[in-house]
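Peer 1: What follows is a structure written as structure tokens; I'll ask about it next.
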């Protein structure tokens, strides 16, 4: 079979398995988030945790619970890294330095999983399992909890209650993430991923050289790393490492896992608001953007567009694995930067200028196609609110979405949401370029070097976590600046989403009239796509022009 | 406020036990029972001794002339199939890529030099050297090469080992993997296993 046919078949197969998952998983998650009944094990957990599983929280209480949980998670993870040499299963690793420990704690709690360290030489097994992998689960669940609260804002009326954070968190972890992660961890092991508690194993190679193989509980972490759109690799090479991603089949499984929850959530949304067509409209927008991005990256990589290295070599294989090749690498790169995953099976720094530039643009879109677990859906719903508002301005009517009026208060929260992340990205990248010491961290020179810095702050503030990995980020300045970018880029938008949810829940729905903009038709799909691209384009165009566009179009 | 944080701490500890200990232990138990070979790193043996993992690439270089000289350039051993270039010298404690940009002058120069060197080493036209032979992989541990690069090396290996090209070609075929399920990824030849088979059988 030739490359092109195989590449197309892989994309079609991926869309096929995602389409098959959309209804059952989406409906299942809707049941999980709306069922009045607790499982027995959940009741035990609530008792042990000292939380009231039957309380319904106002949005500030929901937010406080979320922030308290996240704050303690940061502190716990920081402490665990700093003390790892005194604990079990350290496999000889030293205590992690304060800068890296802060950055990593912020990174994993915010679902970013940016890594300024190299896994195999920094983190012992206990930190990997009991610290990092735990956050892989709960940070993903927090994202879904927030979107659940937002959807309740649309569905409820005359109330100041948006749900119970502890119940949402626990149910998503126990009923959704844990069973799926367990099954696919075993699938990954069957495919060749390692899962053991070996320390560093010294061996003598075929020619008698020395080689140190690091084992560990890799597959269990790999499964949730993708499923929870986390992306933090057990090893430095992330999903390019053969122990994490041994062949093209496991690669396909990993791409499926990192997309499946975000792809199914629009169904959950449609089911919960009682109009599944609303979910189809949202998934259509996500699908359009994803498909366009796959096309741009694949074409640029296949044809080595404006890549002197690619032309010299006869193909864009620098930073790519032979078993994956260009097609599977491009598919992974698109999916990981359009979700908030940030795992990589190939190194984006060596991509063609416009292929690599597209991975930056993907993240700048706010990771909404389909986005991170939960964060993708709330991100696109905020943009849907903006789109409805824009349409309302054009025809001069009060905008409403799903029966809820979008007044000044609602639009303030939506606007603050879409302003937060770009502000963090542009101010952060600007500062880094203004400070000579930080500018020197670039590996590459010229526009490509600027792209490295822009990529870093885009990735951190959007909670992606992938990198143009040439940039030397393990310095106190970058560890601190990027750590703060991740925390602000994660939690400030959540405040606005929950505030919006509270504001919507209080309203009495208005009946749809002939003048109401239908939000399930192709017309709205087009409008929303245009709003997304225009908003992002206007925000980031100057920065993109200095980096990837300057390199790719000269 | 304090109660809220206390509850948060307790929930975090519960999740840590459940997801951070019970979950990986359970997966390890099942994995070790059902797929011990894979779970332990797909190790390969020669004469009963572990000589590596079939998933992790190795260097196949001649011994250094001066073992104490860290700057001595490695010379490929003509008796073995050569793997791809590696940014970390196939050190599993330093996995990763070169991260050099697509128009980095240093990278372009390196690729051209590699191309000339590989062509001379295998006695082929530089234009016929495949891309994987001159580019560093993402992991720096890629154990695989393209079928084209393997085919290119057959004559050299057969000649140095005094084998017929048919014998070597057969071993290459035995270690050639087609795309997963017929359409995922790329076909590849596993160099570690191939070289091990060469040593074992000839």
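Residue numbers (our numbering), protein chains in the order written: chain A, 1 to 554; chain B, 555 to 756. Backbone N, C-alpha and C fix where the C-beta goes; we use that ideal spot for every residue, glycine too.
(1) Assign residue 373 of chain A to one of three DSSP states: helix, strand, or coil.
(2) What is the DSSP secondary structure of residue 721 of chain B, counted as helix, strand or coil?
(3) Output needed in chain order: residues of the stretch 199 to 220 of chain A with a Cβ under 7 Å from some Cβ in chain B.
(4) Mind checking the stretch 185 to 196 of chain A against chain B and listing, in chain order, the residues whose C-beta falls within less than 8 Å of any C-beta there?
(5) Roughly how many angstroms separate the alpha carbons of residue 623 of chain B and residue 629 of chain B, rounded to a whole number?
(6) Cβ closer than 9 Å: which chain A residues qualify as neighbours of residue 751 of chain B?
(7) Have a look at residue 556 of chain A and residue 496 of chain A and give me their C-alpha separation to the nearest angstrom.
(8) Apart from the five residues on each side of it in sequence, which residues of its chain come closer than 6 Å, Cβ to Cβ, to residue 152 of chain A?
(9) From residue 62 of chain A to residue 406 of chain A, what distance separates their C-alpha atoms?
(10) When you compare only the Cα positions, how much space is there between residue 195 of chain A and residue 436 of chain A?
(11) Alpha carbon to alpha carbon, how far is residue 657 of chain B from residue 427 of chain A?
(12) Counting C-beta neighbours from all protein chains within 10 Å, is the total for residue 130 of chain A 16 or more, i.e. buried, or is it exposed?
(13) Counting Cβ pairs, one atom from each stretch, are 3 or more of them under 8 Å apart for the stretch 177 to 187 of chain A and the stretch 599 to 612 of chain B?
(14) From this set, A/367, A/448, A/440, which residue's C-alpha is nearest residue 421 of chain A's C-alpha?
(15) Helix, strand or coil for residue 452 of chain A per DSSP?
(16) Can you give, in chain order, each stretch of the alpha helix (DSSP H) that sits fully within the stretch 125 to 211 of chain A and has at least 4 residues?
(17) Give the residues of chain A in contact with residue 614 of chain B, contact being defined as C-beta atoms less than 8 Å apart.
(18) At the 8 Å Cβ level, is residue 32 of chain A part of the contact set with chain B, yes or no?
(19) Is residue 559 of chain B close to chain A, meaning its C-beta is less than 8 Å from at least one C-beta of that chain?
(20) Three-state secondary structure (DSSP) at residue 507 of chain A?
(21) For the stretch 289 to 321 of chain A, which residues have a CB atom closer than 7 Å to at least one CB atom of chain B, in sequence order?
(22) Which ranges does the beta strand (DSSP E) cover as unbroken runs of at least 3 residues, wholly within the stretch 262 to 287 of chain A, from first to last along the chain?
(23) With residue 605 of chain B as the anchor, note down where its beta strand (DSSP E) starts and where it stops.
(24) On the CB-based measure, 16 or more other CB atoms within 10 Å of its CB, does residue 732 of chain B come out buried or exposed?
(25) Quick one: which chain A residues come within Cβ less than 9 Å of residue 584 of chain B?
(26) For chain A, check one thing: does any of its Cβ atoms lie closer than 8 Å to the Cβ of residue 721 of chain B?
(27) So for residue 235 of chain A, helix, strand or coil by DSSP?
(28) Confirm, please, whether the CB-CB distance from residue 348 of chain A to residue 649 of chain B is below 8 Å.
(29) Would you kindly work out how many angstroms separate the C-alpha atoms of residue 201 of chain A and residue 729 of chain B, rounded to a whole number?
(30) Under 8 Å between C-beta atoms, does residue 86 of chain A make it to chain B?
(31) Over what stretch of residues does the beta strand (DSSP E) that includes residue 599 of chain B continue unbroken?
(32) Spell out whether any CB of chain A is found under 8 Å from the CB atom of residue 716 of chain B.
(33) Looking at residue 339 of chain A and residue 371 of chain A, is the spacing between their C-beta atoms short of 8 Å?
(34) With a 10 Å radius around its C-beta and 16 neighbouring C-beta atoms as the bar for buried, classify residue 290 of chain A as buried or exposed.
(35) On the CB-based measure, 16 or more other CB atoms within 10 Å of its CB, does residue 394 of chain A come out buried or exposed?
(36) Who are the Cβ neighbours of residue 156 of chain A in its own chain at under 7 Å, not counting the five residues just before and after it?
Peer 2: Reading it off the structure:
(1) The residue given as residue 373 of chain A occupies position 373 in the first chain. Coil, per DSSP.
(2) Along the second chain, one-based indexing puts residue 721 of chain B at 167. Of the three classes helix, strand and coil, the one that applies to residue 721 of chain B here is helix, per DSSP.
(3) 203, 204, 205, 206, 207, 209, 211, 212, 213, 214, 215, 217, 219, 220
(4) 185, 186, 189, 190, 191, 192, 193, 194, 195, 196
(5) Walking along the second chain from the start, residue 623 of chain B turns up at place 69. Walking along the second chain from the start, residue 629 of chain B turns up at place 75. Residue 623 of chain B and residue 629 of chain B: Cα-Cα distance of roughly 14 Å.
(6) Taking the second chain and counting its residues from 1, the one referred to as residue 751 of chain B is at position 197. Ordered by position in chain A, no residue passes the 9 Å Cβ test against residue 751 of chain B, which lies about 11 Å from the chain.
(7) Look at the range of chain A in this structure, 1 to 554, and you will see that residue 556 of chain A is not part of it.
(8) Here the question's residue 152 of chain A lines up with position 152 in the first chain. Hits under 6 Å: 162, 163.
(9) Walking along the first chain from the start, residue 62 of chain A turns up at place 62. Walking along the first chain from the start, residue 406 of chain A turns up at place 406. Computed Cα separation, rounded: 22 Å.
(10) For the purposes of this step, residue 195 of chain A is identified with residue 195 of the first chain, where counting begins at 1. For the purposes of this step, residue 436 of chain A is identified with residue 436 of the first chain, where counting begins at 1. Whole-angstrom Cα-Cα distance: 44 Å.
(11) The residue you call residue 657 of chain B lines up with position 103 of the second chain. The residue you call residue 427 of chain A lines up with position 427 of the first chain. If I take the Cα positions, the gap works out to 27 Å.
(12) If you number the first chain from 1, residue 130 of chain A lands on position 130. Residue 130 of chain A comes out buried.
(13) no
(14) As a position in the first chain, residue 421 of chain A is number 421, starting the count at 1. With distances taken between Cα atoms, residue 421 of chain A lies closest to A/367.
(15) If you number the first chain from 1, residue 452 of chain A lands on position 452. Residue 452 of chain A falls in the helix class under three-state DSSP.
(16) 134 to 155, 165 to 171, 178 to 191
(17) Indexing the second chain from 1 puts residue 614 of chain B at position 60. By Cβ distance, chain A contributes 206, 207.
(18) Working through the first chain from its first residue, we reach residue 32 of chain A at position 32. Taking Cβ atoms only, chain B never reaches closer than 8 Å to residue 32 of chain A, which makes this a no.
(19) As a first step, residue 559 of chain B must be located in the second chain, where it is residue number 5. Yes, because at least one Cβ of chain A sits closer than 8 Å to the Cβ of residue 559 of chain B.
(20) In the first chain, residue 507 of chain A corresponds to position 507, counting from 1. Residue 507 of chain A falls in the coil class under three-state DSSP.
(21) 307, 308, 309, 310, 312, 313, 314, 315, 317, 318, 319, 320, 321
(22) none
(23) Your numbering for residue 605 of chain B matches position 51 in the second chain. Run containing residue 605 of chain B: 603 to 607, per the beta strand (DSSP E) assignment.
(24) Here the question's residue 732 of chain B lines up with position 178 in the second chain. Exposed, since its Cβ has fewer than 16 Cβ neighbours within 10 Å.
(25) Within the second chain, the letter at position 30 stands for residue 584 of chain B. Going along chain A in sequence order, the residues near residue 584 of chain B (Cβ under 9 Å) are 182, 185, 186, 189, 195.
(26) Within the second chain, the letter at position 167 stands for residue 721 of chain B. No, because no Cβ of chain A sits closer than 8 Å to the Cβ of residue 721 of chain B.
(27) Along the first chain, read from residue 1 onward, the residue named residue 235 of chain A stands at position 235. Coil.
(28) Within the second chain, the letter at position 95 stands for residue 649 of chain B. Within the first chain, the letter at position 348 stands for residue 348 of chain A. No.
(29) Counting from 1 along the first chain, the entry for residue 201 of chain A is found at position 201. Counting from 1 along the second chain, the entry for residue 729 of chain B is found at position 175. Cα-Cα distance, rounded: 26 Å.
(30) Locating residue 86 of chain A in the first chain gives position 86, where the first residue counts as 1. No, residue 86 of chain A lies away from the interface with chain B (no Cβ there is under 8 Å from its Cβ).
(31) Numbered from 1 along the second chain, position 45 holds the residue referred to as residue 599 of chain B. Note, residue 599 of chain B: beta strand (DSSP E), 597 to 600.
(32) Here residue 716 of chain B refers to the residue found at position 162 of the second chain. So, not an interface residue.
(33) The residue labelled residue 371 of chain A in the question sits at position 371 within the first chain. The residue labelled residue 339 of chain A in the question sits at position 339 within the first chain. Cβ distance < 8 Å, so residue 371 of chain A and residue 339 of chain A count as in contact.
(34) Locating residue 290 of chain A in the first chain gives position 290, where the first residue counts as 1. When all chains shown are included, residue 290 of chain A counts as buried.
(35) One-based indexing of the first chain puts residue 394 of chain A at position 394. That one is exposed.
(36) Position 156 of the first chain, counting from 1, holds the residue named residue 156 of chain A. Closer than 7 Å at Cβ, skipping near neighbours: 505.
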